[in-house]
Amino acid sequence: MAVNVDAEYLKEIEKTRRDLRALISSRNCAPIMLRLAWHDAGTYDAKKKTGGPNGSIRFKEELTRPHNKGLEKAVAFCSEFMIKPFLRCYYSSGPDNKRLLFPLMSKFWFLISEEVKAKHPRVSYADLYQLAGVVAVEVTGGPAIPFTPGRKDADSPDDGELPNPNEGASHLRTLFSRMGLSDRDIVALSGGHTLGRAHKERSDFEGPWTQDPLKFDNSYFVELLKGETPGLLQLKTDKALLDDLKFHPFVKLYAKDEDMFFKAYAISHKKLSELGFNPPRRIPSAVTEQTLGIAVAAAVVIFTICYEASRRGK
Ligand code: HEM
Numbered sequence: 005m006a007v008n009v010d011a012e013y014l015k016e017i018e019k020t021r022r023d024l025r026a027l028i029s030s031r032n033c034a035p036i037m038l039r040l041a042w043h044d045a046g047t048y049d050a051k052k053k054t055g056g057p058n059g060s061i062r063f064k065e066e067l068t069r070p071h072n073k074g075l076e077k078a079v080a081f082c083s084e085f086m087i088k089p090f091l092r093c094y095y096s097s098g099p100d101n102k103r104l105l106f107p108l109m110s111k112f113w114f115l116i117s118e119e120v121k122a123k124h125p126r127v128s129y130a131d132l133y134q135l136a137g138v139v140a141v142e143v144t145g146g147p148a149i150p151f152t153p154g155r156k157d158a159d160s161p162d163d164g165e166l167p168n169p170n171e172g173a174s175h176l177r178t179l180f181s182r183m184g185l186s187d188r189d190i191v192a193l194s195g196g197h198t199l200g201r202a203h204k205e206r207s208d209f210e211g212p213w214t215q216d217p218l219k220f221d222n223s224y225f226v227e228l229l230k231g232e233t234p235g236l237l238q239l240k241t242d243k244a245l246l247d248d249l250k251f252h253p254f255v256k257l258y259a260k261d262e263d264m265f266f267k268a269y270a271i272s273h274k275k276l277s278e279l280g281f282n283p284p285r286r287i288p289s290a291v292t293e294q295t296l297g298i299a300v301a302a303a304v305v306i307f308t309i310c311y312e313a314s315r316r317g318k
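Those letters in the sequence shown? Residues 5 to 318, by the numbering used here.
Next up, the structure:
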């Protein structure tokens, strides 16, 4: 459905941003929100012009791919009322119970965004998920990422494949170039693993990439250059950034200079969040009125000059 980005919509976006900030900080869910934004956008196919940040991840078929099939019913019973006791139970349980409860837990982020959506029904899912990604980076200390609203919601799930963590550099290039993203984007965006962790129940991998997975900084690259550290994770796709001759210089640069990483990350994240998105042209009403006023005044002046000139000429 088309999004009419009028003054009211912009106000709603700012309120949503505030709600997301409070929610993400209080629930420490920045990593999963960033991953949500990435997974909604990362289906983009630049040639076919399909997929991208269009909110399609909200559809069960895409959301349950490849995990958690059949648990939608249980999730549907969850209300805000049930979430808090459930979370308490999840965090205080041992690893075996965590594994059992995980399928429900992994749906939690969806409920969180539903919570915000219920408060701001005009905001598209596509804008909501991308705004959540931008806010997640910002509240954990990362760079400010400019956000342009107006994404349309898809009305069916996307097909686009996401990168396989067991593959190497050429796979990364194939998938990211399908999205229209470059080598520089691949390395900068992989720095998103400065946040969060892998969960055995979800991906078969376990552990964080950095010592402080709730802080957005350049430590992902610092750790990558150090080599394997007990307790920290490096996927095959992460290691590929070290081994590939074109990726490696960016890894070194971002490990050495956090400002350079932040600049590059903000550019690449904005690109990712706008794949296939053409922001609607919007002329603010204040500008329209002002422009009209100036045009009328200019017309009166020109008319007066012409009239005077023709009178003198007679
Ligand atoms: C380059 C290809 C990528 C691969 C193969 C990959 C793979 C993975 C895997 C396997 C996990 C663990 C999931 C789990 O077990 O919970 C993960 C988590 C994560 N990924 Fe990626 N990822 C990639 C790129 C990205 C990008 C581009 C971003 C964001 C810009 C990102 C952000 C995250 C975050 C924040 C988490 C942690 C989520 C959490 O803590 O719940 N990843 N990724």
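Using N, Cα and C, we set each Cβ at its ideal position, and we do this for glycine too. All values reported here derive from a predicted model rather than from experimental measurement.
Item, Value
"Within 7 Å: the Cβ of LEU67 and any heavy atom of the ligand HEM?", "no"
"For the alpha helix (DSSP H) holding PHE266, just list the boundary residues, first then last.", "262–277"
"Please state if the CB of ALA140 and the CB of ASN264 are separated by a distance shorter than 8 Å.", "In the sequence as displayed, the identity of residue 264 is Met instead of Asn. Their beta carbons are not under 8 Å apart, which means MET264 does not touch ALA140 by this criterion."
"Please report the Cβ distance between ASP162 and GLU66, rounded to the nearest whole angstrom; I am assuming they are in contact, meaning their Cβ atoms lie under 8 Å.", "6 Å"
"According to DSSP, which residues form a beta bridge with ASP23?", "BP columns for ASP23 are empty, so no partner."
"Can you tell me whether PHE307 is buried or exposed? The criterion is at least 16 other CB atoms within 10 Å of its CB, across all chains shown.", "exposed"
"Give the secondary structure of ARG31 by DSSP, where H, G and I count as helix, E and B as strand, and everything else as coil.", "helix"
"Report buried or exposed for LYS230, applying the criterion of at least 16 other Cβ atoms within 10 angstroms of its Cβ.", "exposed"
"Quick one: what does DSSP say ALA122 is sitting in, helix, strand or coil?", "helix"
"Just mark TYR311 as buried or exposed, buried being the case when its beta carbon has 16 or more other beta carbons within 10 Å.", "exposed"
"How long is the line joining the alpha carbons of ARG31 and ARG62, rounded to whole angstroms?", "21 Å"
"DSSP state of GLY211, grouped into three classes?", "strand"
"Would you identify the three-state DSSP class for ARG188, choosing helix, strand or coil?", "helix"
"Is it buried or exposed, GLY195, if we count other Cβ atoms within 10 angstroms and call 16 or more buried?", "buried"
"Sorry if obvious, but does the Cβ on LEU27 come closer than 7 Å to a heavy atom of the ligand HEM?", "no"
"State the beta-bridge partners of ALA202 as determined by DSSP.", "GLY211"
"So what's ASP49 in DSSP terms, helix, strand or just coil?", "strand"
"Please state the DSSP three-state secondary structure of LYS73.", "Low local confidence applies: a pLDDT of 28 at LYS73 is under 50, so the model's placement there is unreliable, with the coordinate-based value given in what follows. DSSP places LYS73 in coil when its eight states are reduced to three."
"Any chance the CB of ARG21 is under 7 Å from a heavy atom of the ligand HEM?", "no"
"Please go through the same chain and pick out, in chain order, the residues whose beta-carbon is closer than 6 Å to the beta-carbon of GLY200, but skip the five residues on each side of it.", "PRO35 and PRO217"
"Expressed to the nearest angstrom, what Euclidean distance is found between the alpha-carbon atoms of HIS203 and LYS156?", "32 Å"
"Confirm the yes/no value for this check: CB of THR241, any heavy atom of the ligand HEM, distance under 7 Å.", "yes"
"Assign MET86 to one of two classes, buried (16 or more other C-beta atoms within 10 Å of its C-beta) or exposed (fewer than that).", "Since pLDDT at MET86 reaches only 42, below the 50 mark, its modelled position is unreliable, and the value read off the structure follows with that caveat. MET86 comes out exposed."
"With a cut-off of 6 Å, give the chain-ordered residues whose Cβ is closer than this to any heavy atom of the ligand HEM.", "PRO35, ILE36, LEU38, ARG39, TRP42, PRO167, PRO169, LEU176, LEU193, SER194, GLY196, HIS197, LEU199, GLY200, ARG201, ALA202, HIS203, ARG206, SER207, PHE209, LEU239 and THR241"
"Assuming contact is defined by CB atoms lying nearer than 8 Å, are ALA270 and ILE149 in contact in what I supplied?", "yes"
"Taking buried to mean at least 16 other C-beta atoms within 10 Å of its own C-beta, is GLN134 buried or exposed?", "buried"
"Going by C-alpha distance, which of GLY154, SER207, GLY137 and GLU142 is nearest LEU14?", "GLY154"
"What residue range is occupied by the uninterrupted alpha helix (DSSP H) comprising GLN134?", "129–143"
"Applying the criterion that 16 or more other CB atoms from any shown protein chain within 10 Å of the CB defines a buried residue, is ILE298 buried or exposed?", "exposed"
"Determine whether the beta carbon atoms of LEU237 and GLY211 lie at a separation below 8 Å.", "yes"
"Considering only the beta carbon of each residue, do LYS19 and HIS124 sit closer than 8 Å?", "yes"
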